[in-house]
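So the structure is just underneath, and the comments pick up after that.
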């Protein structure tokens, strides 16, 4: 098989479909803000994106590339390396913009390392800088900053403060990508489980469903988001079998790789009787 970009022999699998890409070609796609496979619309694996980002960074180091490398290191479970890299960049914080983005990524690594107090202090400073510079100029950074701050507060078991941060952040949903809204939804779900209170989750769910319905056009991605919502509802103790059945039906048509986890979640919500459980699996698969 040939590479999806350069059409030369070789390449490797970087997404759920059978498409192949050379890491160098993937690096070029990422440089031009293409983060999903043009064939199956799935996001490239974190490990592949990390290798591509590190390749570009080794060829020509820049602050922006360093931030991408640090972000992907954290997402790949290598937060300690990410924090070390970001600490080494402190002397290069030449502008307010650089300082804000580096602080947010450093705090994200701290949250992954469960150093919640340190992360909260850094994010409070970043929020102050964003406020002084004007939120309208740093809308994306503000959303990410407040989301991670809520994660730090959750780690500190300051549930009321974390809830306030996330519910306030939902006012910015129209300016978010659907992926960001889904992340907030899962965070609120996690907090509600800890507090054993579903009220906030139900209020947040309505807002998030509305934005995902408006923004997400691809039927597979829309079905996958619905499946994620269904799984989160199940985790919090809300029956989501109707949502999951509809999502599974849509995913099956395009052979989405997420269908198996959705089916497993649905199977846990049906009757424990063997006949009904078997029927549910047959209908879905």
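Residue numbers (the numbering used here): 1066 to 1350. Backbone N, C-alpha and C fix where the C-beta goes; we use that ideal spot for every residue, glycine too. Computed from a predicted model, the values in this text were never measured in an experiment.
request  = Check residue 1082 in the structure and name its three-state DSSP category.
outcome  = Reading the chain shown from its first residue, position 17 is the one you call residue 1082. Residue 1082 falls in the coil class under three-state DSSP.
message = So for residue 1068, helix, strand or coil by DSSP?
response = As a working note, residue 1068 is residue 3 in the chain shown. Residue state, collapsed to three classes: strand.
key: Length of the line joining the Cα atoms of residue 1122 and residue 1092   = The count along the chain shown starts at 1 and reaches residue 1122 at position 57. The count along the chain shown starts at 1 and reaches residue 1092 at position 27. When rounded, the distance between both Cα atoms is 10 Å.
query = Is the region 1136-1153 close to the region 1166-1173, with three or more CB pairs under 8 Å?
reply = yes
query = At what residues does the alpha helix (DSSP H) containing residue 1240 begin and finish?
reply = Counted from its first residue, the chain shown places residue 1240 at position 175. Looking at the DSSP string, residue 1240 is not in any alpha helix (DSSP H), and its letter there is neither H nor E.
Own chain partners of residue 1074 with C-beta closer than 7 Å, once the 5 adjacent residues on each side are dropped = As a position in the chain shown, residue 1074 is number 9, starting the count at 1. Cβ neighbours of residue 1074 beyond the five flanking positions: 1067.
query = Thinking just about the alpha-carbon of each residue, which of 1071, 1110, 1309 is nearest to the one in residue 1296?
reply = As a first step, residue 1296 is located in the chain shown; it is residue number 231 there, counting from the start. The option with the nearest alpha carbon to residue 1296 is 1309.
query = Between residue 1217 and residue 1181, which are expected to be in contact by the criterion C-beta below 8 Å, what is the C-beta distance as a whole number of angstroms?
reply = On the chain shown, position 152 is the one that residue 1217 refers to. On the chain shown, position 116 is the one that residue 1181 refers to. Indeed they touch by this definition, with Cβ atoms about 5 Å apart.
message = DSSP three-state label for residue 1190, please.
response = The residue given as residue 1190 occupies position 125 in the chain shown. In this structure, residue 1190 counts as helix in the three-state DSSP scheme.
request  = Would you please state the rounded distance, in angstroms, between the beta carbons of residue 1203 and residue 1165? I believe it to be under 8 Å.
outcome  = Within the chain shown, numbered from 1, the residue matching residue 1203 stands at position 138. Within the chain shown, numbered from 1, the residue matching residue 1165 stands at position 100. Their Cβ separation, rounded to whole angstroms, is 6 Å, which keeps residue 1203 and residue 1165 in contact under 8 Å.
query = Should residue 1099 go down as buried or exposed, given a rule of 16 or more other Cβ atoms within 10 Å for buried?
reply = Translated into positions along the chain shown, residue 1099 becomes position 34. Flag for residue 1099 reads exposed.
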